[in-house]
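**Student:**
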């Protein structure tokens with residue numbers, strides 16, 4: 020049998036015998052399909068086109084499914100052959116073009132767009148509406164999921180602001196003589212070094228480091244301890260602030276839209292962005 024096992028599997032799945040008609044069994048269909056496949060290959064067709072030709076056997080008492088893009092994309096490429104134009108046209112270009120199986124694989128990997136498309140299809144199934152119309156409900160759910168997020172993300176925004184201001188401000192505090200003299204006068208009151216020891220920015224840094232080292236060193240140790248504590252919380256299965264916030268959003272959205280699949284809704288809520 021020259022026909023590849025993958026082709027035989029496709030024929031078995033896609034050719035449905037018509038009940039009650041003579042010669043409608045799969046055993047009668049397979050030899051004719053194999054013959055068409057061999058003739059197509061002999062005519063110089065690519066493997067993909069030969070598969071398609073075998074999927075459309077003529078004179079066989081059987082009902083064949085139409086060759087859809089999903090079928091074309093499932094046809095393997097033989098070693099040494101290049102993809103055909105038909106296969107390129109059948110390639111999914113967005114998550115909405117993917118099959119349910121492929122979509123679930125991407126969703127399991129954490130892709131938010133896959134979670135979004137999966138929720139769209141859940142809305143379509145439950146509300147019995149089209150893909151375009153389902154976006155109205157999806158937009159409503161996205162707005163509900165972002166409710167109160169401005170306040171909930173304030174700790175992160177505060178942390179970003181403090182980190183940026185501290186990083187930029189530490190440079191003149193350590194190496195700029197004017198800033199160092201002003202800060203020393205009002206907050207430190209340490210003895211000022213001799214003028215000949217403050218001629219370069221490196222000498223200024225050597226002087227200011229005597230009173231800048233304790234706060235900078237302690238802040239670094241403080242953040243290190245917080246990071247270590249957070250890691251131990253994760254090891255114990257406890258949820259830090261981020262985990263609790265994600266769980267809160269997922270539970271809130273799942274309860275509000277309880278008629279949809281809880282798993283699909285909560286996955287969407289967790290992977291969605293926190294800002295508008």
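Residue numbers (this note's numbering): 20 to 295. Heads up, the beta-carbon is just placed ideally off N, CA and C, and yes, glycines get one too. The structure displayed is predicted, hence computed values, not measured ones.
Would you please verify whether the beta carbon of residue 123 is less than 8 Å from any beta carbon of chain D?
**Tutor:** Absent here is chain D; the protein component of the structure consists of one chain.
**Student:** Please name the residue in 125, 226, 135 and 292 whose C-alpha comes closest to that of residue 212.
**Tutor:** That would be 226, whose Cα lies nearest to the Cα of residue 212.
**Student:** Quick check: the segment 198-206 against the segment 240-247, are at least 3 beta-carbon pairs closer than 8 Å?
**Tutor:** Because the criterion of three Cβ pairs below 8 Å is not met, the segment 240-247 and the segment 198-206 do not touch.
**Student:** Assign residue 212 to one of three DSSP states: helix, strand, or coil.
**Tutor:** Residue 212: coil per DSSP, three-state reduction.
**Student:** Less than 8 Å separating the beta-carbons of residue 141 and residue 279?
**Tutor:** Closer than 8 Å, so yes.
**Student:** Assuming contact is defined by CB atoms lying nearer than 8 Å, are residue 164 and residue 291 in contact in what I supplied?
**Tutor:** Going by C-beta atoms, residue 164 is nearer than 8 Å to residue 291.
**Student:** How many Å lie between residue 276 and residue 293 at the Cα?
**Tutor:** Each residue's alpha carbon lies about 19 Å from the other.
**Student:** Which same chain residues, not among the five before or five after residue 196, have their C-beta less than 7 Å away from its C-beta?
**Tutor:** For residue 196, where only same-chain residues beyond five positions count, the Cβ hits under 7 Å are 217 and 223.
**Student:** Using CA atoms only, rank isn't needed, just tell me which of 257, 186, 129 and 188 is closest to residue 301.
**Tutor:** No answer is possible for residue 301: the residues shown for the chain start at 20 and end at 295.
**Student:** What's the C-alpha gap between residue 154 and residue 136?
**Tutor:** Rounded to the nearest angstrom, the two C-alpha atoms are 10 Å apart.
**Student:** Would you kindly work out how many angstroms separate the C-alpha atoms of residue 268 and residue 149, rounded to a whole number?
**Tutor:** In a straight line, the C-alpha of residue 268 is about 27 Å away from that of residue 149.
**Student:** Just list the alpha helix (DSSP H) runs in the segment 174-260, keeping only unbroken ones of 4 residues or longer that don't cross its boundaries, in chain order.
**Tutor:** Correct list: 196-202 and 220-254.
**Student:** Taking residue 115 as part of the alpha helix (DSSP H), name the residues at either end of that continuous run.
**Tutor:** That residue, residue 115, is in no alpha helix (DSSP H); it is neither H nor E in DSSP.
**Student:** Am I right that residue 134 and residue 126 are in contact with their C-beta atoms under 8 Å? What's the rounded C-beta distance?
**Tutor:** Rounded, the Cβ-Cβ distance is 5 Å, consistent with contact.
**Student:** If the criterion is Cβ atoms closer than 8 Å, does the pair residue 174 and residue 260 meet it?
**Tutor:** The answer is yes: Cβ separation under 8 Å.
**Student:** Report yes if the C-beta distance between residue 264 and residue 171 is below 8 Å; otherwise report no.
**Tutor:** Cβ atoms of residue 264 and residue 171: closer than 8 Å.
**Student:** Taking 8 Å as the threshold (C-beta atoms), are residue 194 and residue 220 in contact?
**Tutor:** Yes, they are a contact pair.
**Student:** Exposed or buried, which one is residue 187 when buried takes at least 16 other CB atoms within 10 Å?
**Tutor:** Exposed, because fewer than 16 other Cβ atoms sit within 10 Å of the Cβ of residue 187.
**Student:** Determine the DSSP secondary structure at residue 151, reduced to helix, strand or coil.
**Tutor:** Residue 151: helix per DSSP, three-state reduction.
**Student:** Applying the criterion that 16 or more other CB atoms from any shown protein chain within 10 Å of the CB defines a buried residue, is residue 282 buried or exposed?
**Tutor:** Result: exposed.
**Student:** Please report the residue range of the alpha helix (DSSP H) in which residue 110 lies.
**Tutor:** Taken as a continuous stretch (DSSP letters only), residue 110 belongs to no alpha helix (DSSP H), as it is neither H nor E.
**Student:** Work out the CA separation of residue 248 and residue 272 for me, nearest whole Å.
**Tutor:** Using only the alpha carbons, I get a separation of about 30 Å.
**Student:** Helix, strand or coil: which one does DSSP assign to residue 129?
**Tutor:** Residue state, collapsed to three classes: coil.
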